[in-house]
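Taking it in order: structure first as structure tokens, then the write-up.
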Amino acid sequence: MTDTVVRAEPAPVTGAPKKAGRLPRAAVHHPWWFALPAIAVFTGFFLVPNLLNFYYPFTDWSSYHPDIAFTGLDNFQTIADDGSLLRAIRTTLLYALLAALFQNGFGLVLALLLEADTRFNRFFRAVFFLPVLISALATGYVFQALLDQDGAVNSVLGTDVPWLGSTTWTLVLVTLIHGWKWMGLSMLIYLAGLKGIPGDMLEAARMDGAGPWRTFWSVRWPMLAPAVTFNVTTALIGSMNTFDIVQATTGGGPAASTEVFNIYMFRIFGQGLYAQASAMSLVLFLVVVAVAIPLVIGLRRREQTL
Amino acid sequence: MTAVWRHGRPALVLLLAGLAVGVPLWLVVVTSAKPQAEAIRPNLDLPRRWQPGSNYEDAVSQGEMLRGFLNSLLVVVPSVVLVLILGAGAAWVFARRKSGLVSAAYALCISGLLLPPAVITIVMELRQLGLANTRPGMIAVYTGMYLSTSIFFMTGFIRAIPVELEEAARIDGATPSRIFVRIVLPLLRPVIATATIMVMLYAWSDVFYAFFVLGGGERATLPLNLYQVASAQLYLNNWHLVFAYVVVMSLPMVAVFLVGQRKIVSGITSGAVK
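In order, the protein sequences belong to chains A and B. Sequential numbering from 1 applies to the first sequence in full-length UniProt numbering. Sequential numbering from 1 applies to the second sequence in full-length UniProt numbering.
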């Protein structure tokens, strides 16, 4: 990303003198100023903060004193020493992996169940899309009421399980909730992918004696590759930015076992330790880049080989 | 096999829908009609005493819902409009011009699809600009966050539109602005629907960025308000009020979906799979 920033700067110098004197036709027909407001807002409120984020983590910016001084790696030292850095990386990656798995698994199963374009299926597609429309915070509260030790699930089952109190399994439960909330969106995209498979291709497979299982793995699944790329990428990247569902169900607990990056930033920012929160934000940025670039390249390559 | 599938599939769909969507929905609706004593330990029983009226009234008045609703509208609507208009202008240039500079600018502008917003330094920057805790600040942040999505969808879409349509108008003497407003924008209608839905889905329910930028108080949006109401000690475990709030808050999105269902579904899917 920083490469592109650097590359964008010197380009106007090389571009301008090429056709000095007369404006090229493209510049008359599609003038730059149509793009400038978008570039300005995007640069000003997205790129500049991300660039600032490469400076403030190395300062002592906080709510406790008005001046900001350079302190080197102190903030990274602090979060590494108290264990929160590794914990946040591990928790967030695990969360993203499981959430993407559940969201795509549920979405694909629903798409296959509701594939035919009947009135029954259309109604239930809308039903399964409902959780997407409800805010993630509200979703979190609903599941807190369900899974609380005094909650509805225990009262129905007659058990007394602390569903949200396990340092191992609660993270899995929260990712299940995340998968539940977004499965409708994945379902719609898989449905579109299934619809794009030519009918005669499936017909040919059937003529060759392929059963439903074989048809799925040999025809449908490879043809779904673009939908998989989109769904897996958005699910993985989106869930690394998760906040609402975790905050509303566990608030990061128990014993910080569900404390993903954004929960940590929220908590530390609230304590006024801005530079430390910014350090964690920089780590999130680097982790996302480290995951996203190989992921997109790998999935694109997979589309071409399948 | 096929006979089992023919009868088993609808049964399985009904079972899944009942368990996965029916149960949580039922919990929300019945709890929102219970008095506090019954709601404190949430369960799936019907209320012994029905009091939906007073619960919803309390949620609306004590939860400052009208203010929250207005605040959400004042932030989300301008953001969506800006994302669409600025995005369309940029996408038009990116789709039609070819040069190293254009591709670099395009790559830069869609980097927000993957990169996370740097929320902490956004606060820093807004403070220096005097935009912290203001609606223009929030609008600018949302616009910056979602521009990438709209530019990405719209650029792909415009590339598929034949350029001859524009050329015909140009021969008739139309200026670029006129061509943009009269030809490009109307052709973008389907993808505008997609982008609107995508931005609405995220911005309408956002708590995280709203917390950092607006910081609660007077200008809190609807979901931020819910967060404050639900985490205030006074309301802790007051599930009847929380769920009454959830119902009212979710209604606008559900209504929008029911009205525009067909367009929304085709919009989401056509934008994603190409």
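Ideal Cβ positions, reconstructed from N, Cα and C, are used throughout, including at glycine.
Notebook entry, point to check: For residue 243 (chain B), is the classification buried or exposed, using 16 other Cβ atoms within 10 angstroms of its Cβ as the cut-off for buried?
Noted result: Counting Cβ neighbours within 10 Å, residue 243 (chain B) comes out buried, since at least 16 surround it.
Notebook entry, point to check: Cβ of residue 146 (chain B) within 9 Å of Cβ of residue 79 (chain B)?
Noted result: Going by C-beta atoms, residue 146 (chain B) is nearer than 9 Å to residue 79 (chain B).
Checklist line | Any chain A beta carbon closer than 9 Å to residue 274 (chain B) | finding: Note that residue 274 (chain B) has pLDDT 48, beneath the 50 cutoff, so the model's placement of it is unreliable and no number is given.
Notebook entry, point to check: For residue 59 (chain A), which residues does DSSP report across the bridge?
Noted result: In the DSSP output, where bridge partners are listed per residue, residue 59 (chain A) has A:70.
Check: The alpha helix (DSSP H) spanning residue 219 (chain A) covers which residue range?
Finding: Premise fails: residue 219 (chain A) is in no alpha helix (DSSP H) and is neither H nor E.
Notebook entry, point to check: Within the chosen definition, does the stretch 211-219 of chain B reach the stretch 10-28 of chain B through at least 3 CB pairs nearer than 8 Å?
Noted result: Using a C-beta cut-off of 8 Å, the stretch 211-219 of chain B makes no contact with the stretch 10-28 of chain B, since fewer than three inter-stretch Cβ pairs fall below that distance.
Notebook entry, point to check: Using the beta-carbon count (16 or more within 10 Å), is residue 5 (chain B) buried or exposed?
Noted result: So residue 5 (chain B) ends up on the exposed side.
Notebook entry, point to check: Are residue 56 (chain B) and residue 184 (chain B) touching if we call contact CB-CB under 9 Å?
Noted result: In this structure, residue 56 (chain B) sits away from residue 184 (chain B), with a CB-CB distance that is not shorter than 9 Å.
Check: Listed in chain order, which residues of the stretch 124-140 of chain A have Cβ atoms closer than 9 Å to some Cβ of chain B?
Finding: Listed by position, the residues of the stretch 124-140 of chain A near chain B (Cβ gap below 9 Å) are 124, 125, 126, 127, 128, 129, 130, 131, 132, 133, 134, 135, 136, 137, 138, 139.
Check: Taking one C-beta from the stretch 187-195 of chain A and one from the stretch 225-241 of chain A each time, how about it: are there three or more such pairs within less than 8 Å?
Finding: Touching, yes.
Item checked: Whole runs of the alpha helix (DSSP H) within the stretch 60-120 of chain B, excluding any shorter than 4 residues -> Contiguous alpha helix (DSSP H) elements confined to the stretch 60-120 of chain B occur at 65-96, 100-109, taking only those with 4 or more residues.
Next item on the list: Whole angstroms is fine: what's the gap from residue 160 (chain A)'s alpha carbon to residue 49 (chain B)'s?
Entry: Computed Cα separation, rounded: 26 Å.
Next item on the list: Alpha carbon to alpha carbon, how far is residue 28 (chain A) from residue 284 (chain B)? Give it in angstroms, no decimals.
Entry: Residue coverage of chain B in this structure runs from 1 to 274, which leaves residue 284 (chain B) outside it and unanswerable.
Note to self: Let me check understanding here. Comparing Cα to Cα, which of A:301, A:297, A:277, A:31 lies closest to residue 62 (chain A)?
What the structure shows: Nearest C-alpha to residue 62 (chain A) among A:301, A:297, A:277, A:31: A:277.
Next item on the list: Answer yes or no: does any C-beta atom of chain B fall closer than 9 Å to that of residue 221 (chain A)?
Entry: No, residue 221 (chain A) does not count as interfacial toward chain B.
Margin query: Please list, in chain order, the chain A residues whose beta carbon lies closer than 7 Å to that of residue 125 (chain B).
Written below: Below the 7 Å Cβ cutoff, chain A contributes 48, 49, 52 as neighbours of residue 125 (chain B), in chain order.
Margin query: Once the 5 residues before and after residue 135 (chain B) are set aside, which same chain residues still bring their CB inside 7 Å of it?
Written below: Closer than 7 Å at Cβ, skipping near neighbours: 74, 75, 219.
Next item on the list: Tell me whether residue 29 (chain A) sits in a helix, a strand or coil according to DSSP, three-state version.
Entry: Helix at residue 29 (chain A).
Checklist line | Spatial distance of residue 200 (chain B) from residue 164 (chain A) (CA atoms) | finding: Cα to Cα, residue 200 (chain B) sits roughly 30 Å from residue 164 (chain A).
Notebook entry, point to check: Is it true that the CB of residue 94 (chain B) sits closer than 9 Å to the CB of residue 35 (chain A)?
Noted result: Yes.
Next item on the list: Please confirm if residue 192 (chain A) has its CB atom under 9 Å from at least one CB of chain B.
Entry: Contact of residue 192 (chain A) with chain B is assigned, a C-beta pair being separated by under 9 Å.
Notebook entry, point to check: Just how far apart, CA to CA, sit residue 105 (chain B) and residue 194 (chain B)?
Noted result: If I take the Cα positions, the gap works out to 23 Å.
Notebook entry, point to check: According to DSSP, what are the bridge partners of residue 65 (chain A)?
Noted result: In the DSSP assignment, residue 65 (chain A) is bridged to A:62.
Notebook entry, point to check: Is residue 264 (chain A) close to chain B, meaning its C-beta is less than 9 Å from at least one C-beta of that chain?
Noted result: For residue 264 (chain A), the answer is no, since every Cβ of chain B falls outside 9 Å of its Cβ.
Notebook entry, point to check: CA-CA distance, residue 275 (chain B) and residue 305 (chain A)?
Noted result: In the structure displayed, chain B extends from 1 to 274; residue 275 (chain B) sits before or after that span and is not available.
Note to self: Quick check on the burial criterion: 16 or more other C-beta atoms within 10 angstroms. Buried or exposed for residue 12 (chain A)?
What the structure shows: Only weak support is given to the placement of residue 12 (chain A): the predicted model assigns it a pLDDT of 44, under 50, and the question is left unresolved by the model.
Next item on the list: Please work out which residues of its chain come closer than 6 Å, Cβ to Cβ, to residue 19 (chain A), disregarding the five sequence neighbours upstream and downstream, and give them in chain order.
Entry: With a pLDDT of 44 at residue 19 (chain A), under the threshold of 50, the predicted position of this residue should be treated as unreliable, though the coordinate-derived value follows. So the list is empty, once near-sequence residues are dropped.
Next item on the list: Using three-state DSSP, classify residue 130 (chain B) as helix, strand or coil.
Entry: Of the three classes helix, strand and coil, the one that applies to residue 130 (chain B) here is coil, per DSSP.
Item checked: Three-way DSSP call (helix, strand, coil) for residue 173 (chain B) in this model -> Reduced to three states, the DSSP call for residue 173 (chain B) is coil.
Next item on the list: Verify the CB distance criterion: does residue 163 (chain A) have a CB-CB separation below 9 Å to chain B?
Entry: For residue 163 (chain A), the answer is no, since every Cβ of chain B falls outside 9 Å of its Cβ.
Item checked: residue 135 (chain A) in three-state terms, based on DSSP -> In the structure shown, residue 135 (chain A) sits in coil (DSSP, three-state: anything other than H, G, I, E or B).
Next item on the list: Could you work out which residue in A:219, A:181, A:292, A:104 is closest to residue 127 (chain A) when comparing CA atoms only?
Entry: For the residues A:219, A:181, A:292, A:104, the minimum Cα distance to residue 127 (chain A) belongs to A:181.
Margin query: 9 Å is my cut-off, CB to CB: does residue 143 (chain B) come that close to chain A?
Written below: Yes, contact with chain A.
Checklist line | Cβ of residue 56 (chain B) within 9 Å of any chain A Cβ | finding: By the rule that beta-carbons nearer than 9 Å mark a contact, residue 56 (chain B) does not touch chain A.
Note to self: Please give me, in chain order, every unbroken run of the alpha helix (DSSP H) with length at least 4 that falls completely inside the stretch 117-170 of chain A.
What the structure shows: Those alpha helix (DSSP H) runs which fall completely within the stretch 117-170 of chain A and span 4+ residues are 119-133, 136-147, 152-157.
Margin query: I'd like to check one pair, residue 98 (chain B) with residue 26 (chain A): are the Cβ atoms closer than 9 Å?
Written below: Taking C-beta atoms as the reference points, residue 26 (chain A) and residue 98 (chain B) count as a pair closer than 9 Å.
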